[in-house]
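Heads up, the sequence shown is in this note's numbering, so the first residue is 2 and it goes up one at a time.
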Amino acid sequence: DNFMGSTFVRSPAVELAEEGNEYVVEAELPGVRKEDLEVSVGEGGKSLTIEGK
Numbered sequence: 002d003n004f005m006g007s008t009f010v011r012s013p014a015v016e017l018a019e020e021g022n023e024y025v026v027e028a029e030l031p032g033v034r035k036e037d038l039e040v041s042v043g044e045g046g047k048s049l050t051i052e053g054k
């Protein structure tokens, strides 16, 4: 038996760069088309959420 159960979490490779007063986020999402992504910025600009279909 697997002691930890099925707790595997897959995390994409992500790069974050600061350009002037902006941040640029690049994420490797193999098999995902950008048309199938929804990107949102949380209240106050303190969080970024990327969701795929």
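From the three backbone atoms N, C-alpha and C, an ideal C-beta is built for every residue, glycine too. These numbers were taken from a predicted model, which means no experiment stands behind them.
What is the DSSP secondary structure of residue 45, reduced to helix, strand or coil?
If you number the sequence shown from 1, residue 45 lands on position 44. Correct three-state label for residue 45: helix.
How many Å lie between residue 44 and residue 51 at the Cα?
On the sequence shown, residue 44 is found 43 positions in, with the first residue counted as 1. On the sequence shown, residue 51 is found 50 positions in, with the first residue counted as 1. For residue 44 and residue 51, the distance between alpha carbons rounds to 15 Å.
For residue 40 and residue 18, I'd like the C-alpha separation in whole angstroms.
If you number the sequence shown from 1, residue 40 lands on position 39. If you number the sequence shown from 1, residue 18 lands on position 17. Residue 40 and residue 18: Cα-Cα distance of roughly 17 Å.
Pull up the distance between the alpha-carbon of residue 20 and that of residue 46, whole angstroms please.
Here residue 20 corresponds to residue number 19 of the sequence shown, with the count starting at 1. Here residue 46 corresponds to residue number 45 of the sequence shown, with the count starting at 1. If you take the alpha carbons of residue 20 and residue 46, they lie about 16 Å apart.
Does DSSP classify residue 29 as helix, strand or coil?
For this step, residue 29 is matched to residue 28 along the sequence shown. Looking at residue 29 - three-state DSSP - the assignment turns out to be coil, as it is neither helix nor strand.
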